[in-house]
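Keeping their order, the protein sequence lines are chains A and B.
Under this note's numbering, the residue at position 1 of the first sequence is numbered 1, and the numbers go up by one with no gaps.
Offset between the second sequence (1-based) and this note's numbering: plus 1000.
Beta carbons are placed, not taken as given, at the ideal position from N, Cα and C, and that holds for glycine.
Taking it in order: structure first as structure tokens, then the write-up.
There are 2 protein chains.
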Amino acid sequence: MDFGEVLSILKNDLNKVEASIKENFQSDVMLIPTIGNYLSNGGKRIRPILILISSRLCGYNNGDKHITYSCVAEFIHTATLLHDDVLDEAEIRRGSPAANMRWGNEASVLVGDFLLSRSLTMMAEVKDTRAIFYFSEASRKMVEGEVLEMINPFNLNISEEKYIDIIKRKTASLMSASCRIGAILGKRLSTEEDTLSNFGAKVGIAFQLVDDLFDYIAEEGKIGKEIGKDITKGKITLPLIHLYNNASQKDRKLIEEIVKSGDIQDEDFNKIIDLMKRYRSIDYTMDKARVYIKEAKEGMSSFNDSLYLNAILSVADYIVERDM
Amino acid sequence: MDFGEVLSILKNDLNKVEASIKENFQSDVMLIPTIGNYLSNGGKRIRPILILISSRLCGYNNGDKHITYSCVAEFIHTATLLHDDVLDEAEIRRGSPAANMRWGNEASVLVGDFLLSRSLTMMAEVKDTRAIFYFSEASRKMVEGEVLEMINPFNLNISEEKYIDIIKRKTASLMSASCRIGAILGKRLSTEEDTLSNFGAKVGIAFQLVDDLFDYIAEEGKIGKEIGKDITKGKITLPLIHLYNNASQKDRKLIEEIVKSGDIQDEDFNKIIDLMKRYRSIDYTMDKARVYIKEAKEGMSSFNDSLYLNAILSVADYIVERDM
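Laid out in structure tokens, this is it:
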């Protein structure tokens, strides 16, 4: 099954998710739905997709809670993006000017807060405190990951292990919770919940590894945000960590100078890319992502073969095959 | 009963709230508890006080959920302050440099988000989705109030009604939810829940009216933040709305010039204060706050006389009598 087929199996559910996103962005304070509509477009909806498939896989068939939770996960994710964009002073997000550029930082912080409170109300209405617990724990870990990233800028000495810890919190925790929700909705055993949660965590790590790689090698315009931003902002990700750890003394010096200059020109950026190719840092990162995906898929062997098992495994493959 | 006696009745509970705040600020990401400790000091803890008294008043006696919710309300409030300070570029908060000045905007946004997710986990652990619903609705309204305020800067033509709508959302909604929680914990009738919720809403409006007044008339150093900030930032509050609506044509022109200059010197600020005294805008605002307090207290007549009824009425009086 390829990713296009996954989308077509989920089509009905995904349409309902889009409607729910639109509906829950409503407010008599008109600026909120205005920004909402602006933000609604262009997201890949990976977290909703994970929730929808995992809940179907776990036999959830008697209601629309999977739609509500999909909207909740997308809101939590979007709130994080809004707050991140303020912190990063992002100029482009999802291929358009970032909301903070268009409406100002105030609006981005507040609309992010609106989404968090809205998602909380939606969860309260479903009345499952276990789901609330896992989503809130994911939110907390996401913030911790962001703080860890924030306090380690321009730190070329960060270990691969520490970096993985950061992305596990920042990105993998919400994907992990999203997959667990499916098992909660399907009232599956806690061992199955854990299996899905581990799957989501590994897929999440791989997702971020690929994302971080794209910041070096994607074609501008294709990933919907600027490239070269991480290194410019002092955000040290795996391709650079690998490069720095494996480069010759002379090359390490050059890397340090470029990273710490705080003002990276195209020429410098291209030097880094060349070094990454020479030291195979790009391959290393991609291989790492593939290993996480392989482990994620292997962990699912306790589930019987089915349409939705194939679908969720296809999503895992898509994470490392996508070109945006 | 005076406010000092209220604090002494609640002493045990308030100590537990402080311990809970400290405990729930913990994280292996050390910057978070560091900022937490810095923030913990100096708050008036009005929302916890409302929760503690209203839960005792409603006969809640068999547990520590009122402590948890007090911590939740204080966390939601503190998160709002952190995000506000970023938006307002505040320099002083609770008598000390605001967190954004000391650790940067990033830290303020993220620690605010940490507090929101932490409060959510705490509520999930109590497992009462009605409480979660009311707190999340309060959070949403607070954001809407902030957005309404943000999109009306320097707007001297804002009506008194619109202003009251803004502060009802921004400030009164969380105090209203805090009072309602007491009735929820005491398993009281929904009519009593509504009575307490209305009490909290009116007290909250009065609280914000007095706060807005302090921005004009408090002695610097006493209220723990800068004075004159509202008018400088274009935040139009009731004293100024009343003044502008009642001033002569000539004075209105002067007010417009000062407000719209965007750079208000002490001399200009003193001119505004003099005009407010002349047109009795300060008395008008204070009288308005007193009316809300009077109505809040009258609304509580359905409760039998008791120690905790007296205590909650004293809190209402304190709102308009406090000098910080």
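Find the nearest neighbour of residue i within the set the options, judged by alpha-carbon distance.
{"i": "Glu1144(B)", "options": "Asn157(A), Val109(A), Glu295(A), Phe133(A)", "result": "Val109(A)"}
{"i": "Asn152(A)", "options": "Lys1168(B), Leu1156(B), Ala1107(B), Ala1177(B)", "result": "Ala1107(B)"}
{"i": "Ile282(A)", "options": "Asp268(A), Thr129(A), Asn246(A), Glu257(A)", "result": "Asn246(A)"}
{"i": "Gln208(A)", "options": "Ile236(A), Ala172(A), Met1(A), Arg56(A)", "result": "Ala172(A)"}
{"i": "Thr1191(B)", "options": "Gly1299(B), Lys1011(B), Lys1162(B)", "result": "Gly1299(B)"}
{"i": "Thr1403(B)", "options": "Gly1204(B), Asp1128(B), Phe1075(B), Gln1265(B)", "result": "The first residue shown for chain B is 1001 and the last is 1324, placing residue 1403(B) beyond what the model contains."}
{"i": "Phe133(A)", "options": "Tyr1134(B), Met1122(B), Lys1141(B)", "result": "Met1122(B)"}
Mind checking residue i: buried by the 16 CB within 10 Å criterion, or exposed?
{"i": "Met30(A)", "result": "exposed"}
{"i": "Thr1080(B)", "result": "buried"}
{"i": "Lys1253(B)", "result": "exposed"}
{"i": "Arg1047(B)", "result": "buried"}
{"i": "Leu87(A)", "result": "buried"}
{"i": "Gly42(A)", "result": "exposed"}
{"i": "Ala19(A)", "result": "exposed"}
{"i": "Asn1015(B)", "result": "exposed"}
{"i": "Ser1314(B)", "result": "buried"}
{"i": "Ser1070(B)", "result": "buried"}
{"i": "Glu1074(B)", "result": "buried"}
{"i": "Gly262(A)", "result": "exposed"}
Identify whether residue i lies in helix, strand or coil by the three-state DSSP scheme.
{"i": "Pro97(A)", "result": "strand"}
{"i": "Val1029(B)", "result": "coil"}
{"i": "Asn155(A)", "result": "coil"}
{"i": "Ile227(A)", "result": "coil"}
{"i": "Ser1055(B)", "result": "helix"}
{"i": "Ser306(A)", "result": "coil"}
{"i": "Ala1107(B)", "result": "helix"}
{"i": "Thr237(A)", "result": "coil"}
{"i": "Arg1047(B)", "result": "helix"}
{"i": "Ala247(A)", "result": "coil"}
{"i": "Asp2(A)", "result": "coil"}
{"i": "Lys294(A)", "result": "helix"}
{"i": "Leu189(A)", "result": "coil"}
Is there a C-beta anywhere in chain B that falls below 9 Å from the one on residue i?
{"i": "Lys127(A)", "result": "yes"}
{"i": "Ala107(A)", "result": "yes"}
{"i": "Leu110(A)", "result": "yes"}
{"i": "Asp64(A)", "result": "no"}
{"i": "Ile51(A)", "result": "no"}
{"i": "Ile151(A)", "result": "yes"}
{"i": "Thr285(A)", "result": "no"}
Quick one: is residue i near chain A, going by C-beta distance under 9 Å?
{"i": "Asp1113(B)", "result": "yes"}
{"i": "Met1142(B)", "result": "yes"}
{"i": "Glu1161(B)", "result": "no"}
{"i": "Arg1118(B)", "result": "yes"}
{"i": "His1077(B)", "result": "no"}
{"i": "Ile1181(B)", "result": "no"}
Report the rounded CA-to-CA distance for residue i versus residue j, giving the unit in angstroms.
{"i": "Arg102(A)", "j": "Val111(A)", "result": "13 Å"}
{"i": "Gly228(A)", "j": "Leu116(A)", "result": "30 Å"}
{"i": "Arg180(A)", "j": "Ala201(A)", "result": "10 Å"}
{"i": "Asp1305(B)", "j": "Ala124(A)", "result": "35 Å"}
{"i": "Thr1195(B)", "j": "Ile1293(B)", "result": "14 Å"}
{"i": "Ala1218(B)", "j": "Ser40(A)", "result": "45 Å"}
{"i": "Val320(A)", "j": "Ala1177(B)", "result": "46 Å"}
{"i": "Ile1312(B)", "j": "Ser1054(B)", "result": "7 Å"}
{"i": "Lys271(A)", "j": "Val147(A)", "result": "30 Å"}
{"i": "His83(A)", "j": "Asp1274(B)", "result": "42 Å"}
{"i": "Asp165(A)", "j": "Leu50(A)", "result": "22 Å"}
{"i": "Met276(A)", "j": "Lys297(A)", "result": "29 Å"}
{"i": "Lys65(A)", "j": "Cys58(A)", "result": "13 Å"}
{"i": "Phe214(A)", "j": "Ala183(A)", "result": "32 Å"}
{"i": "Ser136(A)", "j": "Leu120(A)", "result": "9 Å"}
{"i": "Lys250(A)", "j": "Ser139(A)", "result": "42 Å"}
{"i": "Ala99(A)", "j": "Asp85(A)", "result": "8 Å"}
{"i": "His317(A)", "j": "Ile167(A)", "result": "Here the sequence assigns Asp to residue 317(A), which means His is not the residue at that position. Those two C-alpha atoms are separated by around 19 Å."}
{"i": "His77(A)", "j": "Leu174(A)", "result": "8 Å"}
{"i": "Ala131(A)", "j": "Arg1290(B)", "result": "44 Å"}
{"i": "Leu7(A)", "j": "Arg56(A)", "result": "14 Å"}
At the 9 Å Cβ level, is residue i part of the contact set with chain C, yes or no?
{"i": "Ser1197(B)", "result": "Although the question refers to chain C, the structure presented lacks it and instead comprises the protein chains A and B."}
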